[in-house]
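Protein chains in written order, with this note's numbering: chain P, 91 to 750; chain X, 109 to 262. We treat Cβ as the ideally placed atom computed from N, Cα and C, and that holds for glycine.
Okay, structure coming up:
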């Protein structure tokens, strides 16, 4: 009975979303207040219905009701409760349902927190949310129904993929989706503003926290995914330039550009075109991120044909929403007045360069990810684009970006002169030279030292900017707005990130060998000695593991426990690496071979890694997300109370004036 | 990172993990060969894996390819020789760094061209003269009205 009610809730949600997509839009065109107000109620109702549907599916999983096909395919009675719950979104149907649920929750949040917005703007934005909701709800109901029944009912389920039975992967998809889908708010408001013919500072001020929120969650999601891949896949890598990683990185890059554009729009009434276009493209990339991967097109173009219904519907939805938004922009961009006034040395100019490099980086990653598919589809030629390509093409763009990042925040808006900064640049230069010299001594790598130099440049620039904003007075530090702290922490994080990546690139050492207990590998002065193998059974898997004692100069450093797990339900083997994270060098060991029951008399494969700085990569990424949350607390992002909000500050009402 | 792809990649990983020929040839070779071999290996795709180089993969084929790289290096072949040998055998697909040729020109020239165009655009737009906010001139009718008002007795 429960699955059927969930099914009905889904259908009702689709109906509500359809009305939400049409009625308020017509209402705002005809200036009918009641029709516009309908958007608020519809958004909340849609969210309530989807919460119900999602809860119903969760209960199905908890109760192990295998008469529901999805549960039978992806769950199992012998599974810890937490993984029964996370199993809900560890599959295609459930994760799309989660996606739609988050979309509806954002819609409800707009209607609840957006009461201060002009009614027609809110109604239009919610209508766009309703259209997105109806598109993807129809996709769920007609091609990916999570509540489909199964008959005869199997005695037990097929179980969740063991790789997903991990705390990291349990929270990774929700975080990522909160990020991805959060950009739908920017998308909806961009479309609504185009319809209104008004993209102004008030609009930007209201929208900015939502963009920051989505961006921060996306950052968290990507970071958790990276950490998970690190210890679960046991390759000792934090980023593989895998197509799946790349598609989550694309909205991040575009979102970062959006973040900076919307800031400029809010503070300077400029970058309106940038902001609208980036809002549209960021969410489009987020849709690509979710759905292109879900359709299997990334595995190979041929997988696309395996399930043409899903693939084609996804492609159609993507093309429709992106195409419609861009066409609207083409028709209505005239309403965004462009006043060109960009001085070569000004903060705006720095932000333009920031946008240009981030967009170039986005396009590069996009090309590298999708070009092989395109070529294969067109000519049948198979090529690979892997880490060496991305390292070569992507890294220089980031280096150029960092060079500008150190200076731009220091510059004045509108117009500035570099000659004012001669002394500062000289001092920062000395700091950079010292950093390069030191890292040459330690790392003995020219490229590494140059990279560290750029990081030092960024740290110097950021700290000097903070110093100048406080006038060098400690007491004024506390009076800095939250936004300043967000900027300082996030930019310093980029420097730390760079240092971590550099340390990893030049300092990481590894070795692999087939060892018998008592034998060892030596990596970077650390001796990894394999201990006796142990075997056993836990929850729903068997394991074979070993202690690997690490010593340096005969002194014990740590003992790592690495194991292989065998999941009988799926007949799968996974590896759990043992590692000792450290602010210095992380020691990491993984064992491979056969799983339990294999012949281990000839020894097992041991991979030993010495990875300096890898932890800082994640710390920096988490700091970036944290910086986003701090920025959201900025008082300047609050709209004043009262009804005068609909009038743009400092601008005439009516058409908006934007400096571009 | 989407879990499905990771999952599929890892399925392959896990499946290959249990294959018997997990020969890790590295340990048998001199250090100098080993260091060069790893640089070569990172450029070569394990053609049966999901986006892994032969150095990262535990697949049997990757192990064979690793051994081949090392044997060739021992036999005195250069890095380029080995890469072209692998390319002859497995096609362009084996190269993680796509070769510069007709069907990859977009990949190689695209980003550079884009940056060039962007910077060009930037230079052009920063040089552009600021557009003066339009000062509306009065129509004859309004001017006459204004004049009349000014002349009017107050």
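Annotation: the continuous beta strand (DSSP E) that includes residue 634/P extends over 631 to 642.
Rounded to whole angstroms, the separation of the alpha carbons of residue 639/P and residue 645/P is 10 Å. Contacts with chain P at 8 Å (Cβ-Cβ) do not include residue 259/X.
Residue pairing from DSSP leaves residue 298/P without any beta-bridge partner. Listed along the chain, the chain X residues whose CB falls inside 7 Å of the CB of residue 207/P amount to none; the nearest CB is some 28 Å away.
Residues of the region 332 to 357 of chain P with a C-beta atom less than 8 Å from some C-beta of chain X are 332, 333, 334, 335, 337 and 338, listed in chain order.
Nearest to residue 480/P by C-alpha distance, out of 173/P, 626/P, 461/P and 515/P, is 461/P.
A contact is defined here as three or more CB-CB pairs under 8 Å, and the region 120 to 131 of chain P fails this definition with respect to the region 224 to 232 of chain P.
Residue contact with chain P for residue 234/X: present (Cβ-Cβ distance below 8 Å to some residue of chain P). For residue 469/P, the nearest CB of chain X lies under 8 Å from its own CB, placing it at the interface with that chain. Looking only at 191/P, 678/P and 353/P, the smallest Cα-Cα distance to residue 145/P is reached by 191/P. Per DSSP, reduced to three states, the secondary structure at residue 624/P is strand. Beta-bridge pairing by DSSP links residue 169/P to no other residue. Around the C-beta of residue 262/P, 16 or more other C-beta atoms lie within 10 Å, and the residue is accordingly described as buried. Contact with chain X is absent for residue 169/P, since none of that chain's Cβ atoms lies less than 8 Å from the residue's Cβ. Spatial neighbours of residue 104/P in its own chain (CB-CB distance under 7 Å, excluding positions within 5 residues in sequence) are listed in chain order as 224, 227, 228 and 231.
Residue 633/P is not a Cβ neighbour of residue 660/P, given a cutoff of 8 Å. About 33 Å separates the CB atoms of residue 206/X and residue 580/P; that is not less than 8 Å, and the two are not in contact. Proximity of residue 166/X to chain P, defined by a Cβ-Cβ separation below 8 Å, is satisfied.
Residues of chain P whose Cβ lies closer than 9 Å to the Cβ of residue 138/X do not exist, since the nearest Cβ in that chain is about 14 Å away.
Pairing residue 207/P with residue 342/P gives a Cβ-Cβ distance that is not under 8 Å. In the three-state scheme derived from DSSP, where H, G and I count as helix and E and B as strand, residue 605/P is classed as strand. Residue pairing for residue 694/P: DSSP places it in a beta bridge opposite 605/P. With 16 or more neighbouring CB atoms inside 10 Å of its own CB, residue 331/P falls in the buried class. Per the coordinates, the alpha-carbon of residue 551/P lies some 48 Å from the alpha-carbon of residue 126/P.
Approximately 19 Å separates the beta-carbon atoms of residue 167/P and residue 260/P; this is outside 8 Å, ruling out the contact.
Using a Cβ-Cβ cut-off of 8 Å, residue 370/P does not count as an interface residue toward chain X, since no Cβ of chain X sits closer than that to its own. Nearest Cα to residue 536/P within the set 554/P, 596/P and 724/P: 596/P.
Secondary-structure assignment with DSSP links residue 675/P through a beta bridge to 702/P. Per DSSP, the continuous alpha helix (DSSP H) segment holding residue 543/P begins and ends at 536 to 560.
Excluding the 5 residues flanking it on each side, residue 725/P has same chain C-beta neighbours closer than 8 Å at 571 and 572, in chain order. Taking a 10 Å sphere around the C-beta of residue 229/X, we find fewer than 16 other C-beta atoms and assign the residue as exposed. Nearest in C-alpha terms to residue 372/P, of all of 246/P, 318/P, 348/P and 158/P, is 348/P.
Taken in chain order, the whole beta strand (DSSP E) runs of length 3 or more contained in the region 246 to 289 of chain P number zero. Look at residue 662/P here: in three-state DSSP terms it is strand.
Look at the region 140 to 167 of chain X: the residues with a C-beta under 8 Å from a C-beta of chain P are 150, 151, 153, 158, 159, 160, 161, 164 and 166.
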